[in-house]
Amino acid sequence: MSEPTGNWSLDTERTPMITPSEVLEHVYCPRFTWFMNVQNIPQHEETRFKVQKGREVHRRRATENREYLRRKIGAVKREIEVYLASPALRLRGIVDEVLWLKDGSLAPLDYKYTESRETVFKTHETQIVLYAMLIQEIYRQPVTRGYLAYIRDGSQLIEVAVTEEAMTQGNRINALAHTVRQSVLRPQ
Numbered sequence: 380m381s382e383p384t385g386n387w388s389l390d391t392e393r394t395p396m397i398t399p400s401e402v403l404e405h406v407y408c409p410r411f412t413w414f415m416n417v418q419n420i421p422q423h424e425e426t427r428f429k430v431q432k433g434r435e436v437h438r439r440r441a442t443e444n445r446e447y448l449r450r451k452i453g454a455v456k457r458e459i460e461v462y463l464a465s466p467a468l469r470l471r472g473i474v475d476e477v478l479w480l481k482d483g484s485l486a487p488l489d490y491k492y493t494e495s496r497e498t499v500f501k502t503h504e505t506q507i508v509l510y511a512m513l514i515q516e517i518y519r520q521p522v523t524r525g526y527l528a529y530i531r532d533g534s535q536l537i538e539v540a541v542t543e544e545a546m547t548q549g550n551r552i553n554a555l556a557h558t559v560r561q562s563v564l565r566p567q
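All letters in the sequence shown, in the order written, are residues 380 to 567 by the working numbering.
Listed below in structure tokens is the structure:
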């Protein structure tokens, strides 16, 4: 089973990086990026109920049932709350789980404290793709899918395909978020 390889951690202190969550907010509204990173106006997300509840669920999942593997999707190993950083991608973040699958590939799994729907939110899909890009670069293993666990109304696991096209789109959105972050002009 692969462990992180290469010089992936070089220059993580000096390279301007954003998190997949910040890119998710940028997809929702580019002004989030500008207000937080250019104007330094915090959004005080810690005061929001869903954020508090989601963090509580994350804490509980990180400590309870640590040996549980999602065998139905072919998981043979998992790491919980993995910090990933890539100066090349200019991304950093903590993915809820990295899964090692029977076919030799890896996959991100992210918990969402929201109700599941028939279609995956575009913002959630983008976040999974960005985590997949980080995992693929750092572990040097293929990532062809990721998973979203919607846990507000029970627990529903949704598979998200990670294609070359999705990664190209992820790179484009990440670049746009960095452009706004460095701009003095507020996006429309």
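C-beta atoms are modelled at their ideal positions from N, C-alpha and C, and glycine is treated no differently.
Please read all numbers here as calculations on a predicted model, not as lab measurements.
- Rounded to whole angstroms, the gap between the alpha carbons of Glu516 and Glu497 is 31 Å.
- Ranked by how close their Cα comes to the Cα of Val477, the residues Leu509, Met396 and Leu555 have Leu509 in first place.
- Non-local beta-carbon contacts of Leu403 in its own chain, meaning distances under 7 Å to residues more than five positions away in sequence, involve Thr502, Thr505 and Gln506 in chain order.
- When Ala554, Ile514 and Gln535 are compared, the shortest CA-CA separation from Val541 is found for Ile514.
- If you look at Tyr490, you'll find it isn't in any alpha helix (DSSP H); it sits in the beta strand (DSSP E) that goes Leu485 to Lys491.
- Per the DSSP secondary-structure output, Ser465 pairs in a beta bridge with Leu470.
- When the Cα atoms are used, Arg450 and Phe414 turn out to be separated by approximately 42 Å.
- Around Glu538, the same chain offers Arg524 and Tyr526 as residues with beta carbons nearer than 7 Å, after the five sequence neighbours per side are excluded.
- The Cβ neighbour count for Val522, taken over all protein chains shown within 10 Å, is at least 16; the residue is labelled buried.
- DSSP links Tyr529 through a beta bridge to Lys491 and Gln535.
- Taking each of Ala511, Glu435 and Thr493 in turn and checking the Cα distance to Val461, the smallest one comes out for Ala511.
- Val455 and Lys481 have their C-alpha atoms roughly 6 Å apart.
- Taking every protein chain shown into account, the CB of Asp532 has fewer than 16 other CB atoms within 10 angstroms, so this residue is exposed.
- Between the C-alpha atoms of Pro487 and Asp475 there is a straight-line separation of about 8 Å.
- Spanning the alpha carbons of Ser400 and Gly483 requires a straight line of approximately 27 Å.
- The shortest C-alpha to C-alpha distance from Pro395 to any of Ala464, His405 and Tyr490 is the one to Ala464.
- When secondary structure is reduced to three states using DSSP, Arg519 falls in the coil class, being assigned neither helix nor strand.
- The residue among Pro466, Ala556, Gly549 and Tyr490 with its C-alpha nearest the C-alpha of Ile530 is Tyr490.
- Secondary-structure assignment with DSSP links Arg457 through a beta bridge to Leu478.
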